[in-house]
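2 protein chains.
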Amino acid sequence: MTQEKPIWHNFNVVVLAGGVGGAKLADGVARLVAPERLTIVVNTGDDFEHLGLKICPDLDTVMYTLAGVANPETGWGRAQESWRVMTEVAHLGGPDWFRLGDLDLATHLVRTHLLRQGERLTAVTRHLCQKFNISPAILPMSDQSAPTMIETDDAVLSFQDWFVAQRWQPSVRRVRLPEDVRASGAVARALELADLVLLAPSNPFVSIDPILNVYPVREMIMDIPRAVVAVTPIIGGQAVKGPAAKMMQELGMPVTATAVAAYYGDLIDGFVYDTRDEHTVTELPVAGLATDTWMKDVPDRIRLAQEVLDFAARLATE
Amino acid sequence: MTQEKPIWHNFNVVVLAGGVGGAKLADGVARLVAPERLTIVVNTGDDFEHLGLKICPDLDTVMYTLAGVANPETGWGRAQESWRVMTEVAHLGGPDWFRLGDLDLATHLVRTHLLRQGERLTAVTRHLCQKFNISPAILPMSDQSAPTMIETDDAVLSFQDWFVAQRWQPSVRRVRLPEDVRASGAVARALELADLVLLAPSNPFVSIDPILNVYPVREMIMDIPRAVVAVTPIIGGQAVKGPAAKMMQELGMPVTATAVAAYYGDLIDGFVYDTRDEHTVTELPVAGLATDTWMKDVPDRIRLAQEVLDFAARLATE
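Protein chains in written order, with our numbering: chain A, 42 to 359; chain B, 42 to 359.
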């Protein structure tokens, strides 16, 4: 009983991921690709300081998802969470607009502790991943601070102010990404060795763009000799979760999978979209794959990851 | 049925307090003296940053004690405490030598949040006291950082490193207090208006001295026209709790109530010692009062506070 090895079995894979959707695809890929061949580069543009603690929402979502301790209902935070600290913070008149569970708080406390001791975010994330028994490398896109700012009609807001405190309601005029942010050595090395790069089904503007904006991530991905494949965050003309569709509208784009592919432009070699959107997909600028991209459970994640990897590997070896 | 008003009923009272013993006497005094006439000035020499949070152990002990939410068994922290965050911090390889309960953490998070917003520790403490429904003013001795350092035979340790991490075992050669620390305006105003100043039964070297060291606290207390009374932290030749007796030995002093009175010297006008120590009390340099100073419950606190106030008021009006 031998199983044929997939053509990507000895490929190095890099996944660029933001929050929930990115974490799910990354988890599917992590269940298929050998850990030493997989690197997940995560958006840190949403990171912020709150109550004295350094909070990295996307890193935590990816980490909790791969560790199998993510809260399946909320999409953020931990399963079996409790709220004793936050309830008391509210009693004491502290801010409770950003919900921090008791277990989740432990992550922020340990991260903040290690950062204060002079460790870099990359090393801190490696430490936490070890404690969560996560084998593939999860890397912050940079060890530098790289805050994403949201320009609305009325104000320029920090990402969490817009996203959580104002529930992404203020209309977005422009996303402002910082200049002069550099990738860590670990990110640059992973991209140098990458055979396949997957852009996860995360928000293109506030999850994937912030990673591409880190120098020289975009430049290195343009140079990848093999395949770069993006997975649509739009399913049935809507975002599965979060503001992607609303932002596309506000930024003057049609809310379609095709528009996402066009947005990534010549960065990508292939685009995976949902069968629900087949009727809208016209003039795709790159090779396309239509499939069911909605990840409702772990088997969905694995199946989608398998199809995306197969598709990317075919493009890479054509 | 009229009750005669005590002679101190219109006196302004300032209590200098450190941790547990100081908090208990302060609580007794707070149950007798009108809130607008009482100020409790608390040692902040033990304050430190931990896991990114600003922690003020003595302020919290006084605050929790007066709010009636202190843990009666440990002497620090809150009653009905839980440990979900700290357990997870330990799982994640974070430091757990300083025990932070879930409810207690909320205090540190809110304090850190307000300090980061630019508020002074005095204002932050007032905010917390309002939330805990505490009426008398609890003031940090200074809004500046004033870390107490412990010089041992081998090293100079931060206070919490010596006190908690090393369980006050390394022998103390000298207590190092910082220079150029200034009292807040609120502390100076309270001392200016003070009729009675009480030095609570706290450790003279690491609780009371750090307050006296803040300019111009000692100078203003020397000038108080009425009475300054200290309550012994030594009962039956021993410290009720903590390192006071051990430190007296290491600093070359006899471990007696008399030695504490002599140590305070001409700063005080009266000294309250325990009846258990009457046989050792000889040549007291100031007026003395022997009584049961052990505060096992709230009625003990009130009785002792009453006796100390009566004694101080008699000295003040003699």
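From the three backbone atoms N, C-alpha and C, an ideal C-beta is built for every residue, glycine too.
Residues of the stretch 145 to 173 of chain A with a C-beta less than 7 Å from any C-beta of chain B: 146, 147, 148, 150, 151, 153, 154, 157, 168, 169, 172, listed in chain order. According to the DSSP assignment, residue 355(B) belongs to the alpha helix (DSSP H) that extends over 339 to 358. Inter-segment contact for the stretch 172 to 184 of chain A and the stretch 219 to 232 of chain A is present: three or more beta-carbon pairs are separated by less than 8 Å.
Only residues of its own chain outside the window of five on either side were considered, and among them 57, 82, 84, 182, 258 have a CB closer than 7 Å to the CB of residue 252(A), listed in chain order. With the criterion set as a beta carbon lying under 9 Å from some beta carbon of chain B, the stretch 182 to 196 of chain A has no members that meet it.
Residues of the stretch 125 to 140 of chain A with a Cβ closer than 9 Å to any Cβ of chain B, in chain order: 125, 126, 127, 128, 129, 130, 131, 132, 133, 134, 135, 136. Judged by DSSP in its simplified three-state form, residue 248(A) adopts helix. Linking residue 354(A) to residue 166(A) through their CA atoms gives a straight-line distance of about 29 Å. Interface flag for residue 107(A) against chain B is unset, since no Cβ pair is found closer than 9 Å.
Taking 9 Å as the CB threshold, residue 123(A) lines the interface with chain B. Against chain B, the CB of residue 100(A) has no partner CB under 9 Å away; the residue lies outside that interface. Chain A places a beta carbon closer than 9 Å to that of residue 95(B), counting this residue as a contact. Boundaries of the beta strand (DSSP E) harbouring residue 329(B): 328 to 332, taken from the DSSP string. For chain A, none of the residues of the stretch 240 to 267 of chain B brings a beta carbon within less than 9 Å of one of its beta carbons.
Counting C-beta pairs with one atom in each stretch, the stretch 320 to 327 of chain B and the stretch 335 to 350 of chain A have fewer than three that are closer than 8 Å, which means they do not touch.
The Cβ atoms of residue 149(B) and residue 162(B) do not sit closer than 9 Å to each other. For residue 162(B), there is no enclosing beta strand (DSSP E); the enclosing alpha helix (DSSP H) has its first and last residue at 162 to 172. Between the stretch 295 to 310 of chain B and the stretch 270 to 278 of chain B there are three or more inter-stretch CB-CB distances shorter than 8 Å, so the stretches are counted as touching.
Cβ-Cβ distances below 7 Å link residue 71(A) to 79, 107, 177 in the same chain, with the five nearest sequence neighbours on each side left out; the list follows chain order. Around the beta carbon of residue 152(A), 16 or more other beta carbons sit within 10 angstroms, so the residue counts as buried. Beta bridge pairing from DSSP links residue 82(B) with 57(B), 180(B). The beta-bridge partner set that DSSP reports for residue 272(B) consists of 313(B). Approximately 13 Å separates the beta-carbon atoms of residue 246(B) and residue 271(B); this is outside 8 Å, ruling out the contact. With a threshold of 9 Å between beta carbons, residue 198(B) makes no contact with chain A. Neighbourhood of residue 92(B) in chain A, by CB distance below 7 Å: 150, 153, 154, in chain order. Judged by DSSP in its simplified three-state form, residue 320(A) adopts helix.
In the structure shown, the three-state DSSP call for residue 96(A) is strand.
Under the 9 Å criterion on CB atoms, residue 351(B) is classed as non-interfacial with respect to chain A. Ranked by how close their Cα comes to the Cα of residue 221(A), the residues 185(A), 317(A), 45(A) have 185(A) in first place. Across the structure, residue 172(A) and residue 155(A) are spaced so that their CA atoms are roughly 14 Å apart.
Close partners of residue 143(A) in chain B (Cβ separation under 7 Å): 125, 126, 143. A straight line joining the alpha-carbon of residue 159(B) with that of residue 303(A) spans about 46 Å. Cβ atoms of residue 281(A) and residue 62(A) come within 8 Å of each other, at about 6 Å. Check the Cα spacing between residue 118(A) and each of 98(A), 127(A), 137(A), 128(A): the tightest is with 98(A). Rounded to the nearest whole angstrom, the CA to CA distance from residue 95(B) to residue 164(B) is 15 Å. Residue 148(B) sits in a helix when the DSSP states are folded into three classes.
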